[in-house]
Amino acid sequence: MDQGYGGGPVERSRRSLSTSAPVPNSESESMKDTDVQMQQAPQTETEKKTITPSSQESPRRCEAAVRASSPGSAVLHTPPISTPVSTPPADASANRKSSRHAAPQPWPVEPPVTRSTLSELDVSKIIHNPKLRHDINFDPELHFRPNLDGEKGRKKQDKANQFWKTLKEELTEFLTDRPAFVAKYGESTGWTLPSLLKAVKDIIQTLVPQRDRQFLDEGLDVELLMQQFYRGIADLEKLASWLSRVLKSHCAPMRDDWVDSMYSQLSNGNRDANLDELVTGMRSLLSVLEAMKLDVANHQIRCLRPVLIEDTTHFEQKFFMRKMQSKKVDVSGAKQWYNDAHRRYSPSIGNTTQTFGDTRVFFEALTRLVLPSTAEKRVPSTFLFDEERILKLKSDMLDAINLEVCMRMYEDLERVGRFSASMFGVSRALDEDTLNRSMSPCSEFNFNSPISTSRPSSLVLSTSGSASSSPRSSFVMPSYVAPETSEPRLRARDVYSTLVALLQSATPTSRPYARWQELATAMALQIFRFTSAPSEMLAAFEDKLMDNVCNANSQLYLEVEHSFHSRLMLELGSRVREFKPLSGVSLFAVATGGRVQSSNLQSGRERDMDGSAREGQEEGGLEDMAVRLAHLGVLHWRVWSQLVYLGDADDDMSVDGPSVQI
454 MDQGYGGGPV
464 ERSRRSLSTS
474 APVPNSESES
484 MKDTDVQMQQ
494 APQTETEKKT
504 ITPSSQESPR
514 RCEAAVRASS
524 PGSAVLHTPP
534 ISTPVSTPPA
544 DASANRKSSR
554 HAAPQPWPVE
564 PPVTRSTLSE
574 LDVSKIIHNP
584 KLRHDINFDP
594 ELHFRPNLDG
604 EKGRKKQDKA
614 NQFWKTLKEE
624 LTEFLTDRPA
634 FVAKYGESTG
644 WTLPSLLKAV
654 KDIIQTLVPQ
664 RDRQFLDEGL
674 DVELLMQQFY
684 RGIADLEKLA
694 SWLSRVLKSH
704 CAPMRDDWVD
714 SMYSQLSNGN
724 RDANLDELVT
734 GMRSLLSVLE
744 AMKLDVANHQ
754 IRCLRPVLIE
764 DTTHFEQKFF
774 MRKMQSKKVD
784 VSGAKQWYND
794 AHRRYSPSIG
804 NTTQTFGDTR
814 VFFEALTRLV
824 LPSTAEKRVP
834 STFLFDEERI
844 LKLKSDMLDA
854 INLEVCMRMY
864 EDLERVGRFS
874 ASMFGVSRAL
884 DEDTLNRSMS
894 PCSEFNFNSP
904 ISTSRPSSLV
914 LSTSGSASSS
924 PRSSFVMPSY
934 VAPETSEPRL
944 RARDVYSTLV
954 ALLQSATPTS
964 RPYARWQELA
974 TAMALQIFRF
984 TSAPSEMLAA
994 FEDKLMDNVC
1004 NANSQLYLEV
1014 EHSFHSRLML
1024 ELGSRVREFK
1034 PLSGVSLFAV
1044 ATGGRVQSSN
1054 LQSGRERDMD
1064 GSAREGQEEG
1074 GLEDMAVRLA
1084 HLGVLHWRVW
1094 SQLVYLGDAD
1104 DDMSVDGPSV
1114 QI
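The sequence shown begins at 454 in my numbering and counts up one residue at a time.
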């Protein structure tokens, strides 16, 4: 499967994009794989778009400040307070001239934010990014933000800190040991300050309209500013004031306080000869510019979303058709997957034709693909942009099925407890050590269970050094966790809510089965707490539950999975029938705009007395998965049905329709 066109880890709730990827050197060069979670598609293989210059319009519609008198338009005679340095003597000047012809100096440390690192935020890159254009169909919260997470984020932060440290050291050397500084750099721009000023100017140029760039060239003439700096006549406070006015005229109002803080830091640092404050101000300046660029990019995403969503099918068909023709994407495995599903499932799903139409085989195969017991380890290549969503669905389905397994085992144990109590009159209580045994939390369970009400307030967190903590315990469960109620339905509801709370408190992991292996003992103990079963049964119950939730081939697990799949197909059918006639934007609005009401297909199902409350809670999770599967499947079918599944991938399919004008 080709992973080179926007592949990589994708967050379900929001897109986390770094702003430090290099810009391609040419239109035919793809962006290299960096810490960006989406890659730039080769521009020679994308549609030609007509782009309005809205990305350079000021959020305030105010341009007067740019035309204000620039700091470089007048002769400055007042030497800056922060650089009380006399003109170097003639011999130093001679040394400086000779240094220009010295051996080349090492390349300076690059500013942490530059026009190049922010290039992926340009509107042209957004509309040509196939992964982003696909994800925008599913995530209403999708937006850009600096990616400072993980090891790559730490390295980026270290690199930024090194730049600011170097800037301070070089400014200090300029002020305290001018001859040594001149011998090293002369009047070249090969050090951090001119590099920073150039980066600032380049970024501002992308934020102001084209007609105002001449005023920017006058106000932020880096070469002139550096000449003034070397001669001790640069007015940094005036430059800070001019920058403040320019930024305020083009940034969102919520950034004003940040700009004011930046100006105060620069002016105070210059006035008080405080290099720490001065460097902090420059750091704030770069941060403000990055935030402004992110604001513009996120505004563009909000504005372009309807057009991009509506054009998804045409854009992706054209993109992937070219990849297939150039042999960069192999869809033979995906076609074989669909053909195998057609042979395997067609005889048994004839009664679903009215519900699913011509997609009945596809959705049967798709639901089998996300079943936890499915042997297939890799998804077909046609799901290149949906792998993370499929893995998340598979993990959520495993959680839902295992919770149902736990509840069925609870009901069996509860019957044993009631029989034991009727036979012996009383049940033997668990000893205190057993009460305090619990679990090791693992991954995330995040479909449709209200977190605010599912975690019992009686769960007392234990400290790592307490006598009650152990490798098996992360919190202490007092004896009053289990409510003393004789109502089976209420007790079943409380058991289910408590198990969900344990799951939601788990540590994230990419291995759902490993999470349940660690949780099984805690789940067994918690279930045991709600029953009257004899304490001697606990060890055997733990082993039995461990075997059922960690073994996809156990009879109970397969029975529950089959039942869950049957109910899912009923719910999915109604969603597919609802979603298929919708336009792209309408599909996005319905599928992501909130909880879809339960279908009438579910209302007539019989439920037993003990399980009715639980099934009511489970329906939310099942409906959520049905909506997500229907959304993913309908969009996928629109792109790939004729391209691969129903047509011949080797045919010269034409997708050269009129391009959407953006």
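Glycine residues also receive a C-beta, built at the ideal position from the N, C-alpha and C atoms.
{"Item": "Taking the straight line between their C-alpha atoms, what separation do you get for N590 and D764?", "Value": "11 Å"}
{"Item": "Taking its Cβ as the centre, do 16 or more other Cβ atoms sit within 10 Å of D995, making it buried, or is it exposed?", "Value": "Sequence check: residue 995 is Glu here, not Asp. It counts as buried."}
{"Item": "Which full runs of the beta strand (DSSP E) of 3+ residues lie inside the stretch 1023-1052, going along the chain?", "Value": "none"}
{"Item": "Under a Cβ-count criterion, where at least 16 other Cβ atoms within 10 Å of its own Cβ denotes burial, should K788 be classed as buried or exposed?", "Value": "buried"}
{"Item": "Kindly indicate the opening and closing residues of the alpha helix (DSSP H) around E604.", "Value": "603-629"}
{"Item": "So is K584 buried or exposed if we call it buried at 16+ other beta carbons inside 10 Å?", "Value": "buried"}
{"Item": "Below 6 Å CB to CB, which residues in the same chain sit around M491 once its five sequence neighbours on both sides are set aside?", "Value": "Bear in mind that the predicted position of M491 carries a pLDDT of just 39, short of 50, making it too unreliable to give a figure here."}
{"Item": "For P542, which residues of its own chain have a beta-carbon under 6 Å away from its beta-carbon, when the five flanking residues on both sides are left out?", "Value": "Residue confidence for P542 is low, a pLDDT of 41 falling below 50, so the modelled location carries little weight; the figure read from the coordinates is stated next. Around P542: no qualifying Cβ."}
{"Item": "Does A1005 come out as helix, strand or coil in the three-state DSSP assignment?", "Value": "coil"}
{"Item": "If contacts are defined as beta-carbon pairs under 8 Å, then L956 and D852 qualify, I think. What distance do you get, rounded to the angstrom?", "Value": "6 Å"}
{"Item": "Grouping DSSP H, G and I as helix and E and B as strand, with all else coil, what is G734?", "Value": "helix"}
{"Item": "Smallest Cα separation from S740: which of P759, D729, M715?", "Value": "M715"}
{"Item": "Between the Cα of S737 and those of A750, D709, D725, H752, spot the shortest distance and give me the residue it belongs to.", "Value": "D709"}
{"Item": "Pick from V699, E622, V953: whose alpha carbon is nearest that of V653?", "Value": "V699"}
{"Item": "Going by alpha carbons, who is nearest to D588 out of S801, S1019, L837?", "Value": "L837"}
{"Item": "Count the other C-beta atoms from every protein chain shown that fall within 10 angstroms of the C-beta of K609, then say buried if there are 16 or more, exposed otherwise.", "Value": "buried"}
{"Item": "Taking its Cβ as the centre, do 16 or more other Cβ atoms sit within 10 Å of A935, making it buried, or is it exposed?", "Value": "Because A935 carries a pLDDT of 46, less than 50, the predicted location of this residue cannot be relied on, and the following value inherits that uncertainty. Flag for A935 reads buried."}
{"Item": "Could you check how far apart the C-beta atoms of A1079 and L1035 are, in whole angstroms? I think they sit under 8 Å.", "Value": "16 Å between Cβ atoms; not a contact."}
{"Item": "Looking at the unbroken alpha helix (DSSP H) that takes in W695, where does it start and where does it end?", "Value": "689-703"}
{"Item": "Does DSSP put A992 in a helix, a strand or coil?", "Value": "helix"}
{"Item": "Say yes only if the C-beta of L866 is nearer than 7 Å to one or more non-hydrogen atoms of the ligand NAP, and no if none qualify.", "Value": "What this structure holds is no ligand at all, so the ligand NAP is not there to describe."}
{"Item": "Give the straight-line distance between the Cα atoms of T960 and V814, rounded to the nearest whole angstrom.", "Value": "37 Å"}
{"Item": "Take every Cβ of the stretch 620-633, pair it with every Cβ of the stretch 726-735, and state whether three or more of those distances are shorter than 8 Å.", "Value": "yes"}
{"Item": "Given a threshold of 16 other Cβ atoms within 10 Å of its Cβ, counted over all protein chains shown, does F816 qualify as buried or as exposed?", "Value": "buried"}
{"Item": "By how many angstroms is the C-alpha of S985 removed from the C-alpha of S1007?", "Value": "26 Å"}
{"Item": "Within the same chain, show all residues whose beta-carbon is closer than 8 Å to that of E1014, passing over the 5 residues directly before and after it, in chain order.", "Value": "L824, P825, S826, I854, A1005"}
{"Item": "Do you know offhand how far R1020's Cα is from L1082's?", "Value": "14 Å"}
{"Item": "Count the other CB atoms within 10 Å of the CB of K780; is the residue buried (16 or more) or exposed (fewer)?", "Value": "exposed"}
{"Item": "Give me the residue from M999, I754, R724, Y638 with the minimum Cα distance to L574.", "Value": "I754"}
{"Item": "On the CB-based measure, 16 or more other CB atoms within 10 Å of its CB, does S1027 come out buried or exposed?", "Value": "buried"}
{"Item": "Provide the residue span of the alpha helix (DSSP H) that contains Y791, from first to last.", "Value": "785-798"}
{"Item": "To the nearest angstrom, report how far apart N721 and A693 are at their CA atoms.", "Value": "11 Å"}
{"Item": "Which class does P541 belong to by DSSP, given the choice of helix, strand or coil?", "Value": "Residue placement at P541 cannot be trusted, given a pLDDT of 42 that sits under 50; what the coordinates show is reported in the next sentence. Looking at P541 - three-state DSSP - the assignment turns out to be coil, as it is neither helix nor strand."}
{"Item": "Using three-state DSSP, classify G870 as helix, strand or coil.", "Value": "helix"}
{"Item": "Let's test the definition: count the other Cβ atoms within 10 Å of the Cβ of P647 and tell me whether it reaches 16, buried, or not, exposed.", "Value": "buried"}
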